[in-house]
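This report refers to the structure that appears directly beneath it.
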Amino acid sequence: MKSKQFLSLAAVLVFCAATAWSADIKIIANSSVGASSVSTDELKAVFLATKSSLSDGSHVEPVLEKDGPAHEAFLKEFVGKTDSAFETYYRSLVFTGKASMPKTTASDADMVAYVAKTKGAIGYVSASAATAGVKTLEVK
Amino acid sequence: MNFRVKTILNMAVLCATPLALQAQFDFKVDGRDVQVHSFASQGFAYSNNNNFLTMDTSSGSFAFTDGGANVSSQITDKFRVGAQFYIRNIGHLGNWEPELDWASGDYRFEDWFGIRAGKVKTALGLYNDTQDMEFLHTWALLPQSTYPTDLRGNTIAHIGGDIYGTVAMKKVGSLSYTAYAGRRPSDMQGGITYGLLGAGIKLNSYGGTVEGADLRWTTPLKGLMAGASYINLRVNEDGTRLSNLKPYTVDTMKDHTPVYYAEYSIGNLRLDGEYRREIQDVYKTGVGKTGTGVGPAGTDARSGFLSAAYRLTKWVELGTYHSRYYPNWDTIHSLPANHLFDQVVTARFDLRTYLDLKVEGHFMDGVTGANSYHGFYTLDNSTGLLPTTRMLVIRLGYHL
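These protein sequence lines are chains L and V, in that order. Per the working numbering, the first sequence starts with residue 13, numbered consecutively. Per the working numbering, the second sequence starts with residue 3, numbered consecutively.
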C-alpha cells in the first residue's frame, strides 16, 4: 500500500516537473496571426525556417531573444538545438542565400513590444512576462 | 605591390569595415529590410614534409586568406533576393580574384515547393554549400577527402535553378528535398588548372553542365538526420600543351557521384559521417609523353569521413575526424600515391560571438599521386613527395 502511494506521488511529481518545464515560457504572436494554438512540430518548423505559415494559413515571422533563460528553454524544448548549434544553423541559411537572420530582441519586454507592432511576428517570453498587446498561443 | 603587403592590405579591408560597425548591417530600402553580412579568415599552415594545398607549408605559410560579403532582402512574404561575393588567396589558388559566390531570386510557393534561380550553391552532402564559411564549422580545414579546398570550384555552385521544399511527415519526421540543373562556372583559379600546369598544360576553359538532387530526412529520433545526394557532371576541358602547342581536351562520358551522410546531435556532442563514390569515364586527347595520345580514362574515387565534436563551454569546442580518400579504388590501396588518410584533432575558441580561433593538427598518410590534383602538386613538391605529412593549421576568422 505504502509503495503504491509512493509510486503515485512520484508520478505526480514527475508530471508536475514536466508541466512546470513547459510552463517556463509562453508562445506569443501578433494579433494578425489567426491561430489560437500551434503544434510543437509547427513551432519547430517555423523557427528552423522550413515553414513560414501556420496550419490556418497565417504567415508568420519568427523572432528570437538574444539569450537568457526563456531563450534557452525555448530552444531546448521546441527546437532541439543548443544555442550554438541554432546560431550555426541560421548562419548557414543566411550565408547560402536561403534565409534572412531573424529579428533578435534583448529582453521579454522588447520581445513583447516588437511582436505587438509587427504583423506575423511569433516569439516567446518567460511565463511570468507581461503580454499586453499580443496573443498567447496554446502549444499542443 | 609586394605579395605579402597585398595580403595584409586585403585582409585589413575585409576586416575593418564590419568590425568598425560592430554589428550586422541592416537598413531599409522602400520600407523593406535589407541585411548585409560578411566574413573573413586568416590562416597559417606549417607541415613537416610536403607542401599542401599549393601553399609553401614546409616553410610555414600565411597565404591562407578568404572572405566575403552578402546583401539580401525579403521582398515579399514569398520572394527573396540576394547576392554574395567571395575572394580567396590560398597558396596559388584563388589569387585574390573576386567572384560572385551566389546571386539568386527565390520564390517559395508553399513550404513544400519553392524555386530558386541564378547562381546557386549546390546541395551535396553535409557541407558542400557551406564549405567556404569556416565559422560554421568546428574544423580549420574540412575533411579534404570529401571537401577538397583546392577543388571547391568543381561542385560549389551552379548557374541554373533549383526546386526545393520540406514535407512534414508527422510521426516519421520530415523530408527536405532539393533538385537542380545548370552549368558549373569555370574555376580557372582552382586545383585542376594548377595541377595541369604542373603537367605542362595550360587550361583555356573548364566547365560543363550539372544536375543532381539532395534528400535529407529529419528523423523522429531527436537529433538524428540522414540524407543522400546525387550529382551528375559533364566536364569539358580545353587546353594547350606548352611544350609543343598541341591541343589537350577532356570530354566526359560519365561522371556521377552518389553521397550518403548522417548527423547525430545530443546535448553538446555532434557526430557526423559521409561517404562518396565518384565514377568518372572521360575521353582525353593530347595526353601521353608526345601529347598525341588519345583514349578513354576511367576512375572510381571513393572518400569519406567520420567526425565527433563536443562543445565544452560557450567558448571552447573540441573535435576530431578521420578522413579517407582513394583516387582510384581499383589500385593497390597501400601505396602512398593511391590513398590519403588524415587524422585530425581541433580546438575551436569562440573569442567573441563574431570571432573564432582554431588550432588544428593533421596527421596525414599518403599523397594521392601527382596526377590526382588533390592536395599535393608537383609544382610545389619538385623534389618528390614523402609518404606522410604532419601539419599544424591555425585559423582566425570573423563573421557578422
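Glycine included, each C-beta is placed from N, C-alpha and C at the ideal position.
Item                                                                                                                                                              : Value
Taking Glu99(L) as part of the alpha helix (DSSP H), name the residues at either end of that continuous run.                                                      : Asp95 to Val106
Just curious, the alpha helix (DSSP H) that Tyr196(V) is in, first and last residue?                                                                              : Gly193 to Gly200
Who are the neighbours of Leu217(V) on chain L, taking C-beta pairs under 9 angstroms?                                                                            : The contacting residues do not exist; Leu217(V) stays about 14 angstroms from chain L at best.
Give a yes or no on whether the C-beta atoms belonging to Trp114(V) and Thr168(V) are separated by under 8 angstroms.                                             : yes
For the beta strand (DSSP E) containing Lys110(L), name the first residue and the last one.                                                                       : Counting along the chain, Lys110(L) falls outside any beta strand (DSSP E), and DSSP gives it neither H nor E.
Assuming the contact rule is C-beta atoms closer than 8 angstroms, Ala159(V) and Lys121(V) should be a hit. Round their C-beta distance to whole Å, please.       : 6 angstroms
Relative to the C-alpha of Asp274(V), which residue among Ile161(V), Tyr129(V), Glu101(V) and Phe137(V) is closest?                                               : Tyr129(V)
Using a C-beta cutoff of 8 angstroms, does Gln86(V) count as contacting chain L?                                                                                  : yes
Just the Cα atoms here: how many angstroms apart are Thr355(V) and Thr100(L)?                                                                                     : 11 angstroms
For Thr385(V) and Asn52(V), I'd like the C-alpha separation in whole angstroms.                                                                                   : 9 angstroms
Rounded to a whole number of angstroms, what is the C-alpha to C-alpha distance between Glu213(V) and Ala230(V)?                                                  : 15 angstroms
Quick one: which residues of the region 126-138 of chain V get their C-beta closer than 8 angstroms to a C-beta of chain L? List them in chain order.             : Asp131, Thr132, Met135, Phe137 and Leu138
Helix, strand or coil for Asn130(V), going by three-state DSSP, please let me know.                                                                               : helix
Taking its Cβ as the centre, do 16 or more other Cβ atoms sit within 10 Å of Thr315(V), making it buried, or is it exposed?                                       : exposed
How many Å lie between Gly269(V) and His139(V) at the Cα?                                                                                                         : 17 angstroms
Any idea what DSSP makes of Tyr375(V), helix, strand or coil?                                                                                                     : coil
Just checking: is the beta-carbon of Ala170(V) within a distance shorter than 8 angstroms of some beta-carbon in chain L?                                         : yes
Report yes or no: is there a C-beta of chain V within less than 8 angstroms of the C-beta of Thr52(L)?                                                            : no
Beta-carbon within less than 7 angstroms of Thr180(V)'s beta-carbon, same chain only, minus the 5 sequence neighbours each way: which residues are those?         : Ala125, Asp164, Tyr166, Ala215 and Asp216
Step through the CB atoms of chain V and report whether any lies within less than 8 angstroms of the CB of Ala23(L).                                              : The pLDDT assigned to Ala23(L) is 49, lower than 50, so where the model puts this residue is not dependable; a value taken from the coordinates is nonetheless given after this. So, not an interface residue.
Residues of the region 109-121 of chain V with a CB closer than 9 angstroms to any CB of chain L: list them in chain order, please.                               : Arg110, Glu112, Asp113, Arg118 and Gly120
Candidates Val127(L), Val137(L) and Val146(L): which alpha carbon is nearest Glu73(L)'s?                                                                          : Val127(L)
Is it buried or exposed for Asp79(L), if we count other Cβ within 10 angstroms and need 16 for buried?                                                            : exposed
Using a beta-carbon distance cut-off of less than 7 angstroms, what residues from the region 206-233 of chain V approach chain L?                                 : Lys224 and Gly225
When DSSP labels each residue in this structure, what does Glu362(V) get in the three-state scheme?                                                               : strand
Rounded to the nearest angstrom, how far is the Cβ of Tyr266(V) from that of Leu308(V), given a contact under 8 angstroms?                                        : Contact doesn't hold; Cβ gap of about 11 angstroms is too wide.
Could you say if the region 45-65 of chain V and the region 141-158 of chain V meet the contact criterion of at least three C-beta pairs nearer than 8 angstroms? : yes
What does DSSP give as the partner residue(s) for Trp104(V) in the beta ladder?                                                                                   : Gln86(V)
Give the secondary structure of Ile255(V) by DSSP, where H, G and I count as helix, E and B as strand, and everything else as coil.                               : Looking at the sequence shown, residue 255(V) is not Ile but Met. Residue state, collapsed to three classes: strand.
Does the separation of the CB atoms of Val318(V) and Phe351(V) fall below 8 angstroms?                                                                            : yes
Based on Cα-Cα distance, which residue from Asn234(V), Met135(V) and Asp35(V) lies nearest to Ser104(L)?                                                          : Met135(V)
Run through the DSSP bridge pairs and tell me what Pro249(V) is partnered with.                                                                                   : Thr242(V)
I'd like the span of the beta strand (DSSP E) that includes Tyr328(V), first residue to last.                                                                     : Val318 to Tyr328
Out of curiosity, what's the CA-to-CA distance linking Ile281(V) and Leu381(V)?                                                                                   : 27 angstroms
Can you pull the chain L neighbours of Arg313(V), defined as C-beta to C-beta under 8 angstroms?                                                                  : Thr94 and Ser96
Would you verify that the beta carbon of Lys129(L) is, or is not, closer than 8 angstroms to some beta carbon of chain V?                                         : no
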